[in-house]
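K.L.:
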Amino acid sequence: MKVGVIGAGAWGTALSIISARGGANVILWSYDGNYKEFDDVKIPENIQITSDMAQLGDCSAWLVVTPAAYFRDTVHNAAKYYDNQPIIICTKGAESATGDFMSEIIHTELPNAHEIAVLSGPQFAAEVARGIPTGSTLAGTDVAVNTGKQILNKLYINPSDDIIGTQMCGVGKNAVALICGYNSIAAGGENERAMIFTRAWGEVMELGLKCGAKMKTFLDLCGIGDLFLSATSATSRNFAGGMAIARGEKPAGTVEGIFALDGLIRRAKDMGVETPILIDMQKKMGLA
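Going by my numbering, the sequence shown opens with residue 13, and the numbers climb by one from there.
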């Protein structure tokens with residue numbers, strides 16, 4: 013199978029590596045033709061790296077892995093090469109300006125896309141690239157989920173049909189991990205950290221259920237699994253970003269939690285869901 017991976021950051025490169033190891037021929041697209049290198053990990057020969065989007069046209073499936081802030085523009089630019097392939101969304105985030113999930117952006121920019129799935133779970137890219145056992149939730153249509161399982165056969169996959177809940181978990185995890193990183197330095201003590209963590213995740217769950225998510229999704233790999241990984245480890249870019257903000261420093265790289273927090277608050281306001289903890293933490297971090 014020929015697979016197009018759109019986005020060559022750490023996560024896009026890691027997914028390209030395991031897809032290639034699983035037997036796929038991979039077209040890895042990045043805007044400048046570069047990709048993330050991992051120590052002691054060789055890029056398989058069946059990965060072709062390109063900055064030419066036209067090469068995505070004859071791929072059997074697309075994995076979209078661009079940051080949430082650039083997701084809409086990237087998909088819009090790729091639309092002319094889209095030919096009804098199944099799409100696996102591998103970006104965890106919400107659009108800051110609208111609060112839209114990535115699947116909603118796909119439906120807007122690629123109205124002919126019907127076979128869509130979302131990959132989300134506790135996944136540090138470097139560990140995936142090195143072949144360390146990793147599990148993920150893959151939620152979407154039967155065709156898209158089965159396609160994703162075939163491509164990503166090196167991952168442990170929990171299939172689901174809750175595409176909204178899976179995305180809410182990914183978005184919420186980013187925001188809560190950012191908050192936890194900040195509070196690891198700024199909070200008065202462990203009790204306060206635990207209280208804010210619990211209430212913030214509770215607000216995410218309430219919003220998710222209002223959007224149509226299933227409660228059991230919050231207990232899956234995309235929910236409590238990803239939350240545990242990202243909200244307790246400085247290896248998490250969101251947790252580390254929160255720590256940097258607490259120190260008065262600029263976070264390194266793209267910190268999805270900043271955009272996720274803004275998107276969650278915007279969506280909650282539109283849906284009449286109160287999120288006082290998320291709003292308060294956004295203000296305390298100087299992100300409002």
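Think of the CB as a built atom: it goes at the ideal place given N, C-alpha and C, for glycine as much as any other residue.
Taking one C-beta from the stretch 282-300 and one from the stretch 209-228 each time, how about it: are there three or more such pairs within less than 8 Å?
P.N.:
As far as the Cβ criterion goes, the stretch 282-300 touches the stretch 209-228, which means the pair count is three or higher.
K.L.:
Leaving out five residues on either side along the sequence, give the residues of the same chain with a beta carbon under 6 Å from the beta carbon of A258.
P.N.:
Within the sequence shown, the letter at position 246 stands for residue 258. So the list reads Y194, I197, A198, once near-sequence residues are dropped.
K.L.:
Buried or exposed for G152, please, with buried defined as at least 16 other CB atoms from any protein chain shown within 10 angstroms of its CB.
P.N.:
By 1-based counting over the sequence shown, the position of residue 152 is 140. By the 10 Å Cβ count, G152 comes out buried.
K.L.:
Round the Cβ separation of I175 and L131 to the nearest angstrom and send it over; I've been treating them as touching at under 8 Å.
P.N.:
Translated into positions along the sequence shown, residue 175 becomes position 163. Translated into positions along the sequence shown, residue 131 becomes position 119. The pair is not a contact, with the Cβ atoms about 11 Å apart (cut-off 8 Å).
K.L.:
If you reduce the DSSP assignment to three classes, tell me which class L167 lands in.
P.N.:
Translated into positions along the sequence shown, residue 167 becomes position 155. Reduced to three states, the DSSP call for L167 is coil.
K.L.:
The beta strand (DSSP E) that contains Q60, what's its start and end?
P.N.:
Residue mapping note: residue 60 aligns to position 48 of the sequence shown, counting from 1. From DSSP, the beta strand (DSSP E) with Q60 extends over 59-62.
K.L.:
Taking A90 and M114 to be in contact with their CB atoms under 8 Å, please state how far apart those CB atoms are, rounded to whole angstroms.
P.N.:
Residue mapping note: residue 90 aligns to position 78 of the sequence shown, counting from 1. Residue mapping note: residue 114 aligns to position 102 of the sequence shown, counting from 1. Wrong, their Cβ atoms sit about 13 Å apart, outside the cutoff.
K.L.:
Which of the three DSSP states is assigned to K262 in this structure?
P.N.:
Here residue 262 is taken as the residue at index 250 of the sequence shown, counted from 1. It is coil, neither helix nor strand.
K.L.:
Please list the terminal residues of the continuous alpha helix (DSSP H) segment that includes L219.
P.N.:
Start at 1 with the first residue of the sequence shown, and residue 219 comes out as number 207. Taken as a continuous stretch (DSSP letters only), the alpha helix (DSSP H) holding L219 covers 202-223.
K.L.:
Counting along the chain, where does the beta strand (DSSP E) carrying G152 start and finish?
P.N.:
Here residue 152 corresponds to residue number 140 of the sequence shown, with the count starting at 1. Start and end: 147-152.
K.L.:
From the DSSP output, in three-state form, read off F251 for me.
P.N.:
In the sequence shown, residue 251 corresponds to position 239, counting from 1. Note: F251 maps to helix in three-state DSSP.
K.L.:
Is the shortest distance between the beta-carbon of L273 and the beta-carbons of chain C less than 8 Å?
P.N.:
Looking at the structure shown, chain C is missing, and only one protein chain is on hand.
K.L.:
Helix, strand or coil for A80? Go by DSSP, reduced to three states.
P.N.:
As a position in the sequence shown, residue 80 is number 68, starting the count at 1. Helix.
K.L.:
Would you please state the rounded distance, in angstroms, between the beta carbons of V140 and L150? I believe it to be under 8 Å.
P.N.:
For the purposes of this step, residue 140 is taken as the residue at position 128 of the sequence shown. For the purposes of this step, residue 150 is taken as the residue at position 138 of the sequence shown. In fact, because the Cβ distance is near 14 Å, the residues do not count as touching under 8 Å.
K.L.:
Name the residue from A246, K226, R278 whose alpha carbon lies nearest to the alpha carbon of T178.
P.N.:
Against the sequence shown, residue 178 aligns to sequence position 166. Of the candidates A246, K226, R278, the one whose C-alpha sits nearest the C-alpha of T178 is K226.
K.L.:
Please confirm whether G254 and L167 have their CB atoms less than 8 Å apart.
P.N.:
Within the sequence shown, residue 254 is the residue found at index 242, counting from 1. Within the sequence shown, residue 167 is the residue found at index 155, counting from 1. Cβ distance not < 8 Å, so G254 and L167 don't count as in contact.
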